[in-house]
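*Asks:* Let me begin by handing over the structure; questions about it come next.
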Amino acid sequence: MTAASIDVAALRRDFPILAQQVNGHPLAYLDNAASSQRPLQVLDAVRHYYTHDHANIHRGVHTLSHRATDLYEGARETVRAFINAASVREIIFTRGTTEAINLVAFSFGQRLGPGDEILVTTMEHHSNIVPWQLLCERSGAVLRVAPINDAGELLFDEFVQLLGPRTRLVSVAHISNALGTVNPVKAMVAAARGRGIPVLLDGAQAIAHEAVDVRELDCDFYAFSGHKMCGPTGTGVLYGREAILRDMPPWQGGGDMILTVSFSGTTYNELPYRLEAGTPNIAGVVGLAAAIRYLTTLGMANIAAWEAQLLSYATAALVAIPGMKIVGTARHKAALVSFNVDGIHPHDLGTVLDQQGVAIRAGHHCAMPVMERFGLDGTARASFAFYNTTGEIDQLVAALRVAQRMFA
Amino acid sequence: MMSVPAPDLQNLYRHIVLEHSRHPRNQRRMEPHDREAEGHNPLCGDKIRVYTQLRDGNLADIAFEASGCAICIASASLMSETTKGQTDAAVRSLAGHFQHALTSGTGELPGDLAALMGVSQYPSRIRCATLPWKTLLAALDASADTVTTEQMSPSR
């Protein structure tokens, strides 16, 4: 049960939520692509913050405000180091990936006009589609979509052909939440930036599963959520290359993002504060830093290695089930499996599995264009984290057999 | 460690429910028809179109086309059998009764509809069973808009 150098049995003790019975069975939590669970270290950090250090940040002269500010800005440095950004000025805290993408759409998006183009792919999450559709409505810009093949892989040549003279931004998933496909983002960024086109990577599904180095990727924006990486809900990050953030206008007005306010005019604060209006989720960000320390201690390479083992174990076990159809068979895949079982609707599968303690997602996974591409109403999806075990995959397979007997 | 007793799955997927989901009655496109409406459950992708033929205030004929889970299909099939030939008023009353029984988990449902009472123990599945009925009501009201489970039941 142990991979390279992570001890799954031991680290599961950090996650008390996993050690429970659900509907009379041990919980097998296989819905990590929707949201991961949190270790005690994160809960303790948040509790410690509220117990000892809380005050508002960036404005108090008193000791608690200094402490809270130090923790908040310390977390920014923790995030910077985790993704190897060049400067803390490039780290904007948000409520999550969705807000990070909306920030870019509202702020960077102001430079777009009629006929300008934004390029996404078929496999995007709705949160990387709808903000651009809204921007297109506001600006007259046009959304272009790079297609995928039957395995769920990007058609790279067609992607490159869609990089045109009017393309103002490429915004693509690092990893598809519905299919598990890992996109060739480094090559995609190189192709776009070679033509002077900035690139946003939606890292929601990648950040907790492999080491992310924004300078190696050379992307202009990288967005991710805290709650999918063992951090608190309501936290997220937008990384932005400083050269591009510097020219981006504020997108929300309020406290903290200003230097001076008068009714004859207001001057804005410097980066990153200019893009963070109002009192932020301080405790959440403190918890996010604790989550990053936890992941870093385990080692992202160790996490990736164990999850790769879980993926191959799960794939082999699932394809052995008669009537199993795996949706998303890219050569380079993250640790999630989307599937359908002949004669059983995914929603029914979800209920039958839940009654056996197995938590999966069923439905369109907020990626309806992907479902449309494959002619499906939805899929069942098992998604893994480093704390999952092969025993939980066995439990999933046994529960699927029960479902098949029921619906036979 | 907390243990929650599992509601019996056989209570959700009773024999009659599984049988109707495998062999739905009145699942066809009805031509001609005088009313129709479409319903969606955006959470799980259930889609249904209900067709009606009214004569002298009676539901002379009813049919549906659907893609959805076993609960949704079985509910539509059982609904079509139960409502065919009933008066408009009786259908509306039964729809209200059905919705209330499933959301409250109390009361009795007539005939084979009773097989769906088990759904009341599965809050995330109640919408699957009520979608056909909401769509039928929309058809009776000749509402032009697509109905969804979301806009019609904010509490669920």
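Chain order of the listed sequences is A and B.
Add 8 to the 1-based position in the first sequence for the working numbering, that's all there is to it.
Add 34 to the 1-based position in the second sequence for the working numbering, that's all there is to it.
Note that CB positions come from ideal geometry on N, CA and C, so glycine has one too.
It should be emphasised that the depicted structure is a prediction, and the values quoted were computed from it without experimental measurement.
1) Is the CB-CB distance between A/Ile100 and A/Arg88 below 9 Å?
2) Which residues does DSSP list as the beta-bridge partners of A/Ile311?
3) Checking contacts by CB at 9 Å: is B/Met36 closer than that to chain A?
4) So which residues of chain E does B/Arg159 contact, with C-beta pairs closer than 8 Å?
5) DSSP three-state label for A/His403, please.
6) Suppose contacts are defined by Cβ-Cβ distances below 9 Å. Is B/Thr31 in contact with B/Ile105 by that definition?
7) Is the segment 189 to 198 of chain A touching the segment 362 to 373 of chain A, taking contact as three or more C-beta pairs under 8 Å?
8) Whose C-alpha, out of A/Gly307, A/Ala342, A/Leu303, is nearest the C-alpha of A/Tyr4?
9) Kindly indicate which residue of A/Gln49, A/Ala41, A/Asn40 has the alpha-carbon position closest to the one of A/Arg21.
10) For A/Arg301, tell me which candidate among A/Gly82, A/Gln118, A/Gly68 has the shortest Cα-Cα distance.
11) Using a C-beta to C-beta distance shorter than 8 Å, which residues of chain B count as neighbours of A/Gly386?
12) Go ahead and pull the three-state DSSP assignment for B/Ser37.
13) Taking the CB atoms as reference points, tell me whether A/Asn153 and A/Asp124 lie closer together than 9 Å.
14) Is it the case that the segment 290 to 299 of chain A contacts the segment 265 to 274 of chain A, given that we only count it when at least three CB pairs across the two stretches are under 8 Å?
15) Between A/Leu408 and A/Leu361, is the Cβ-Cβ spacing less than 9 Å?
16) Kindly list, in the order they appear in chain B, the residues whose Cβ is closer than 8 Å to that of A/Gly383.
17) Report the three-state DSSP secondary structure of B/Asp95 (helix, strand or coil).
18) When DSSP labels each residue in this structure, what does A/His6 get in the three-state scheme?
19) Taking 9 Å as the CB-CB limit, is A/Ile352 close to chain B?
20) Within its chain, find whatever has a CB closer than 8 Å to the CB of A/Ser13; leave out the 5 residues flanking it on each side and keep chain order.
21) Tell me whether A/Glu85 is buried or exposed, calling it buried when 16 or more other Cβ atoms sit within 10 Å of its Cβ.
22) Return the chain-ordered list of same chain residues with a C-beta closer than 7 Å to the C-beta of B/Trp167, the five sequence neighbours on each side being excluded.
23) Answer yes or no: does any C-beta atom of chain B fall closer than 9 Å to that of A/His62?
24) Taking the Cβ atom as the reference point for each residue, do A/Met196 and A/Val378 lie within a distance shorter than 9 Å?
25) So does the segment 325 to 338 of chain A actually touch the segment 200 to 220 of chain A, counting three or more Cβ pairs closer than 8 Å?
26) With a threshold of 9 Å between beta carbons, is A/His372 in contact with chain B?
27) Starting from A/Asp350 and walking both ways along the beta strand (DSSP E), at which residues does that stretch end?
28) Along chain B, in chain order, which residues have C-beta atoms closer than 9 Å to that of A/Met237?
29) Is it buried or exposed, B/Thr116, if we count other Cβ atoms within 10 angstroms and call 16 or more buried?
30) Is there a C-beta anywhere in chain A that falls below 9 Å from the one on B/Ser114?
31) Please report the straight-line C-alpha distance between B/Leu46 and A/Val112, rounded to a whole angstrom.
32) To be precise: take each residue of the segment 96 to 110 of chain B, compare its Cβ to all Cβ atoms of chain A, and keep it if any distance is under 9 Å. Which residues remain?
33) Would you kindly report the start and end of the unbroken beta strand (DSSP E) that includes A/Gly263?
34) Counting along the chain, where does the alpha helix (DSSP H) carrying A/Phe101 start and finish?
35) So, helix, strand or coil for B/Met113, using DSSP?
36) Considering Cα atoms alone, identify which of A/Leu142, A/Thr129, A/Asn92 is closest to A/Leu171.
*Replies:* Inspection of the coordinates gives the following:
1) With respect to the 9 Å criterion, A/Ile100 and A/Arg88 are not classified as neighbours on the basis of their beta carbons.
2) A/Ile311 is not bridged to any residue.
3) For B/Met36, the predicted model reports a pLDDT of 40, less than 50, meaning its position is unreliable; a value from the coordinates is still stated below. Cβ-Cβ to chain A under 9 Å: yes for B/Met36.
4) Absent from the structure is chain E; the protein chains it does hold are A and B.
5) The sequence shown places Gln at residue 403 of chain A, not His. In the structure shown, A/Gln403 sits in a helix (DSSP, three-state: H, G or I).
6) Residue 31 of chain B is absent from the structure shown; chain B starts at 35 and stops at 190.
7) Because the criterion of three Cβ pairs below 8 Å is not met, the segment 189 to 198 of chain A and the segment 362 to 373 of chain A do not touch.
8) As displayed, chain A neither begins before 9 nor continues past 416, which places residue 4 of chain A out of reach and without an answer.
9) Comparing Cα positions, the closest option is A/Gln49.
10) Taking A/Arg301 as reference, the option from A/Gly82, A/Gln118, A/Gly68 with the minimal CA-CA separation is A/Gly82.
11) Chain-ordered, the chain B residues with CB closer than 8 Å to the CB of A/Gly386 read Cys78, Gly79.
12) Any reading at B/Ser37 needs caution, since the residue's pLDDT is 40, under 50, leaving its predicted position unreliable; the model's value is listed next. Reduced to three states, the DSSP call for B/Ser37 is coil.
13) First, the amino acid is wrong: residue 153 of chain A is Val here, not Asn. With respect to A/Asp124, A/Val153 sits apart: the two C-beta atoms are not nearer than 9 Å.
14) Inter-segment contact for the segment 265 to 274 of chain A and the segment 290 to 299 of chain A is absent: fewer than three beta-carbon pairs are separated by less than 8 Å.
15) Yes. Within cutoff.
16) Simply none; closest approach about 11 Å.
17) B/Asp95: strand per DSSP, three-state reduction.
18) Absent from the model: residue 6 of chain A. The displayed extent of chain A is 9 to 416, so no value can be given.
19) Any Cβ of chain B closer than 9 Å to the Cβ of A/Ile352 would place that residue at the interface, and such an atom is present.
20) The residues are Gly307, Asn310.
21) Classification for A/Glu85: exposed.
22) The residues are Met113, Ala129, Phe132, Gln133.
23) Answer no: the Cβ-Cβ gap between A/His62 and chain B never drops below 9 Å.
24) One thing to note: A/Met196 has its Cβ no nearer than 9 Å to the Cβ of A/Val378.
25) Inter-segment contact for the segment 325 to 338 of chain A and the segment 200 to 220 of chain A is absent: fewer than three beta-carbon pairs are separated by less than 8 Å.
26) At least one chain B Cβ lies under 9 Å of A/His372.
27) A/Asp350 -> no beta strand (DSSP E), and no H or E assigned at all.
28) What A/Met237 touches in chain B: nothing, since even the nearest Cβ is about 25 Å away.
29) Buried is the call here.
30) Not one chain A Cβ lies under 9 Å of B/Ser114.
31) In a straight line, the C-alpha of B/Leu46 is about 46 Å away from that of A/Val112.
32) Taking 9 Å as the cut-off between beta carbons, the residues of the segment 96 to 110 of chain B near chain A are Ser101, Gly102, Cys103, Ala104, Ile105, Cys106, Ile107, in sequence order.
33) For A/Gly263, no beta strand (DSSP E) run applies, since DSSP gives it neither H nor E.
34) Run containing A/Phe101: none in the alpha helix (DSSP H); it sits in the beta strand (DSSP E), 99 to 102.
35) Residue state, collapsed to three classes: helix.
36) Ranked by Cα distance from A/Leu171, the options A/Leu142, A/Thr129, A/Asn92 are led by A/Thr129.
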